[in-house]
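Everything below concerns the one structure shown next.
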Amino acid sequence: MQKQAIFKSKLLPYALVAPQLAVVLIFFYWPALQAVIQSFLLQDAFGLSTSFVWFDNYIELFQDPAYFESIIRTFFFSFAIAVSSLSFALLLAVMADKPLRGVMLYRTLLIWPYAVAPPVVGVLWIFMLHPSLGVLARYLRAAGIDWNPLLDSNQAATLIIVAAAWKQISYNFLFFLAGLQAIPKSVFEAAAIDGARPMRRFWTVTFPLLSPTIFFLLVVNIVYAFFDTFGIIDTMTRGGPGTSTVTLVYKVYSDGLLGGNLGSSAAQSVILMILVIVLTGIQFRFVERKVTY
Amino acid sequence: MVEQEGIRRYLAHIILWIGIAIVAFPVYIAIVASTQDNALIANGQMSLLPGGHFFEVYYQTIFVGTSGSTREPVANMMLNSLIMALLIAVGKIAISIISAYAIVYFRFPLRMPIFWLIFITLMLPVEVRIYPTYKIVADLHMLDSYAGLALPLIASATATLLFRQFFMTVPDELLEASRIDGAGPLRFFWDTLLPLSRTNMAALFVILFILGWNQYLWPLLITTRDDMQTIQVGIRKMITTTDALTEWPIVMATAVLAMLPPVFVVVAMQKLFVRGLVETEK
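Right, dumping it as structure tokens:
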């Protein structure tokens with residue numbers, strides 16, 4: 001689609017795109033290119049000599065069991081966060097879609113966690129579940145669970161999944177609600193007249209009609225779990241105990257921070273970049289399909 | 001709907017209240033903890049009812065900071081966060097709206113390549129280019145500065161796309177009319193297009209402000225001076241003090257303060273926010 005009515009000017013359009021272009025080139029493309037170049041280089045410990053090593057950094061990375069584990073862990077976290085948060089949000093959205101009294105109040109009370117920053121989410125949850133002073137940890141111990149996420153890796157992972165899913169409920173809720181409200185009420189009425197009970201109506205009518213939203217949210221949630229859980233992990237476990245909560249993004253950060261291996265850290269960044277490109281690509285194909293339908 | 005028996009409706013109310021309770025509980029705990037005595041909390045004896053130290057804790061949090069020697073008062077951190085969030089939100093809107101204007105209303109060589117260059121930045125979140133970007137900001141002597149905090153995050157593919165989409169729907173007659181009135185491209189932009197985009201800009205602002213306020217990884221890396229710290233970074237440093245016991249009431253008060261501005265913005269501008277969100281993401 002092109003505008004028919006346009007202005008004629010030689011220099012003005014360049015002046016208008018210049019600020020954005022400058023930012024994009026200096027802070028996006030140049031560093032991304034640096035990361036790619038760096039990932040093919042090997043520097044000695046003192047940074048005195050650099051040699052071109054082709055894919056050695058990548059090969060080394062994929063032979064490293066720690067990296068492999070963090071890939072598996074990241075995907076596991078992502079799916080656990082997405083599935084738990086999506087299913088709970090869907091339940092709430094279905095309820096909030098009913099013509100209830102005070103439904104606007106419910107919606108307002110449910111959407112605000114969207115605005116809470118990941119590190120704050122982390123601080124809130126670690127406080128509640130801190131082994132020695134957490135309010136909830138007290139009850140867990142009373143229930144006979146030996147709760148100590150600072151020492152137990154499975155518990156640490158659970159803690160992160162719960163906190164990250166908690167934050168994402170409101171976002172998923174909003175999109176589910178919008179999706180539900182886009183379904184014409186007559187469809188439900190027709191199903192009801194056909195004698196379908198509410199549960200059956202949900203699985204045969206609502207769920208299939210909502211599937212594009214579900215798919216969209218699944219991708220968004222996975223991207224969220226990849227990148228935005230950084231603040232949660234950093235405040236709650238700092239990747240520990242051991243490396244049991246180190247995700248791919250956290251590994252780029254911690255490997256680079258320790259300054260050990262620049263080439264490896266760069267190679268990890270490049271792999272993440274490819275992952276983002278794939279995920280964004282999926283999102284856009286989906287959006288396009290929605291637009292043309 | 002057809003069978004809206006009382007029982008189902010009660011069930012819906014109950015489920016929604018359970019949802020709200022789950023969503024609100026951590027914040028309730030934070031507020032309660034921020035009014036209690038630290039010794040009590042440290043012993044694991046925290047009460048689930050508010051304590052009597054509200055004013056004392058918040059006064060210390062906002063104006064003094066934790067007892068650890070190098071920590072800043074939270075008022076200062078909030079100011080830094082506010083400046084950073086405003087710079088990011090306003091900056092993103094400003095540079096996006098003018099580049100979208102150029103792309104929609106002008107034909108110039110390299111128009112589409114430039115559009116794609118901007119578009120592809122969607123796929124380069126700061127996390128994946130973190131160390132090279134850090135190095136560039138360091139080379140430009142922008143560490144520990146507001147420019148360094150905001151500039152690398154200021155490009156916005158989504159905002160550009162959104163404005164482009166919106167400009168496409170603006171009828172051509174408007175441009176013809178203002179041209180007959182003798183308006184040039186800048187006049188048309190300022191007098192016609194900008195007022196028309198007001199609601200779009202407001203919705204975007206809400207989302208971008210929250211995005212900026214909630215930034216964490218980037219400020220964590222590039223601020224080393226305590227007085228340049230944002231509240232998100234500050235709160236993390238508070239819970240990892242080595243020199244003393246963590247002062248939980250102050251940490252919780254900081255968490256509450258860190259939540260206030262974005263939550264306020266979301267609740268106050270709910271309608272705009274919801275529309276903006278659905279528009280930018282879909």
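If you read the sequences in order, they're chains A and B.
Under the UniProt record's numbering, the first sequence has 284 at position 284, and the numbering climbs by one with no breaks.
Under the UniProt record's numbering, the second sequence has 176 at position 176, and the numbering climbs by one with no breaks.
Cβ atoms here follow ideal geometry from the backbone N, Cα and C, with glycine treated the same way.
Return helix, strand or coil for residue i, following the three-state DSSP convention.
| i | result |
| --- | --- |
| F7/A | strand |
| residue 283/B | The question about residue 283/B has no answer here: the residues shown for chain B are numbered 1 through 282. |
| L143/B | coil |
| F55/A | coil |
| L42/A | strand |
| T292/A | Low confidence applies to T292/A: its pLDDT is 35, below 50, so where it sits in the model is not reliable enough to give any reading. |
| T50/A | strand |
| F108/B | coil |
| P31/A | helix |
| L197/B | The amino acid occupying residue 197/B in the given sequence is Ser; Leu does not appear at that position. Three-state DSSP puts S197/B in coil, outside helix and strand. |
| K282/B | In this prediction, K282/B has a pLDDT of 45, which is less than 50 and means its spatial position is unreliable; what the coordinates show is noted afterwards. Of the three classes helix, strand and coil, the one that applies to K282/B here is coil, per DSSP. |
| D172/B | helix |
| L124/B | coil |
| I83/B | helix |
| D181/B | coil |
| D191/B | helix |
| Q36/B | coil |
| T66/B | coil |
| P132/B | helix |
| I154/B | coil |
| R71/B | coil |
| M1/B | Any reading at M1/B needs caution, since the residue's pLDDT is 48, under 50, leaving its predicted position unreliable; the model's value is listed next. In this structure, M1/B counts as coil in the three-state DSSP scheme. |
| residue 369/B | Residue 369/B lies beyond the range of chain B shown here (1 to 282); nothing can be said about it. |
| N76/B | helix |
| N261/A | coil |
| residue 296/A | Given a span of 1 to 293 for chain A in the structure shown, any question on residue 296/A remains unanswerable. |
So residue i packs on residue j, CB below 8 angstroms; how close in whole Å?
| i | j | result |
| --- | --- | --- |
| L275/A | S70/A | That belief does not hold up - the Cβ atoms of L275/A and S70/A are roughly 13 angstroms apart, past 8 angstroms. |
| D144/B | T223/B | 6 angstroms |
| residue 294/A | A12/B | Since the first residue shown for chain A is 1 and the last is 293, residue 294/A is missing from the structure and cannot be characterised. |
Along chain B, in chain order, which residues have C-beta atoms closer than 8 angstroms to that of residue i?
| i | result |
| --- | --- |
| W30/A | P132 and I136 |
| L92/A | I15, L16 and G19 |
| P113/A | V23 |
| F227/A | P125 and E127 |
| V276/A | M123, L124, P125 and V128 |
When we look at the beta-carbon of residue i and count the other beta-carbons within 10 Å, is it buried (16 or more) or exposed?
| i | result |
| --- | --- |
| M168/B | exposed |
| A21/B | exposed |
| S132/A | exposed |
| Y139/A | exposed |
| D234/A | buried |
| S186/A | exposed |
| K290/A | With a pLDDT of 49 at K290/A, under the threshold of 50, the modelled position of this residue cannot be trusted, and the question is left open. |
| W17/B | exposed |
| G242/A | exposed |
| E72/B | buried |
| Q181/A | exposed |
| T199/B | exposed |
| H141/B | exposed |
| T133/B | buried |
Given that residue i touches chain A, what residues does it touch there, using C-beta distances under 8 angstroms?
| i | result |
| --- | --- |
| P155/B | Rather than Pro, the amino acid found at residue 155/B in this sequence is Ala. Correct list: Q20, V23, V24, F27 and F28. |
| R9/B | K98 and L100 |
| W248/B | F127 and L133 |
| V46/B | Looking at the sequence provided, one finds Met at residue 46/B rather than Val. Here the neighbours are L133 and V135. |
| I239/B | V123, I126 and T235 |
| L86/B | Neighbours of L86/B on chain A: none; closest Cβ ~16 angstroms, over 8 angstroms. |
Given that residue i touches chain A, what residues does it touch there, using C-beta distances under 7 angstroms?
| i | result |
| --- | --- |
| Y105/B | K3, I6 and F7 |
| S99/B | L16, V17 and Q20 |
| L57/B | A small fix is needed here, since residue 57/B is Val in this sequence, not Leu. Those do not exist, as V57/B stays about 14 angstroms from chain A at its closest Cβ, beyond 7 angstroms. |
| E72/B | None at all; the shortest Cβ gap to chain A is about 16 angstroms. |
Using the beta-carbon of each residue, which ones in chain B are nearer than 7 angstroms to residue i?
| i | result |
| --- | --- |
| L110/A | G19, I20 and V23 |
| W147/A | Under the 7 angstroms cutoff, chain B gives no residues; its nearest Cβ is about 12 angstroms from W147/A. |
| P13/A | A102, F106 and F108 |
| T280/A | L122 and M123 |
| L174/A | V274 and L277 |
| Q34/A | P132 |
| R200/A | Chain B residues near R200/A: none, gap ~13 angstroms exceeds 7 angstroms. |
Can you pull the chain D residues whose beta carbon is under 9 angstroms from the beta carbon of residue i, in chain order?
| i | result |
| --- | --- |
| D64/A | Here chain D cannot be found, since the structure's protein chains are A and B. |
So with CB distances below 9 angstroms, who are the chain B contacts of residue i?
| i | result |
| --- | --- |
| P118/A | N214, Y216 and Q232 |
| A142/A | Near A142/A there are no residues of chain B at all, since even the closest Cβ is about 12 angstroms away, more than 9 angstroms. |
Comparing the CB of residue i with every heavy atom of the ligand MN, is any distance shorter than 7 angstroms?
| i | result |
| --- | --- |
| K98/A | The ligand MN is absent from the structure shown, which contains no ligand whatsoever. |
Listing by chain order, which chain A residues have their CB less than 9 angstroms from the CB of residue i?
| i | result |
| --- | --- |
| R236/B | P119, G122, V123, G231, D234 and T235 |
Minimum length 4: unbroken alpha helix (DSSP H) runs contained in the segment 200-272 of chain B: Counting only runs of 4 or more, we get 217-222, 231-238 and 248-268.
Segments assigned alpha helix (DSSP H), at least 4 residues, entirely inside the segment 224-258 of chain A: 230-236 and 248-257
Completely contained alpha helix (DSSP H) runs for the segment 169-206 of chain A, where each covers 4 or more residues: 185-193 and 198-201
Ordered list of alpha helix (DSSP H) runs contained in the segment 85-158 of chain A, each at least 4 residues: The segment 85-158 of chain A contains these whole alpha helix (DSSP H) runs: 103-111, 118-129 and 135-142.
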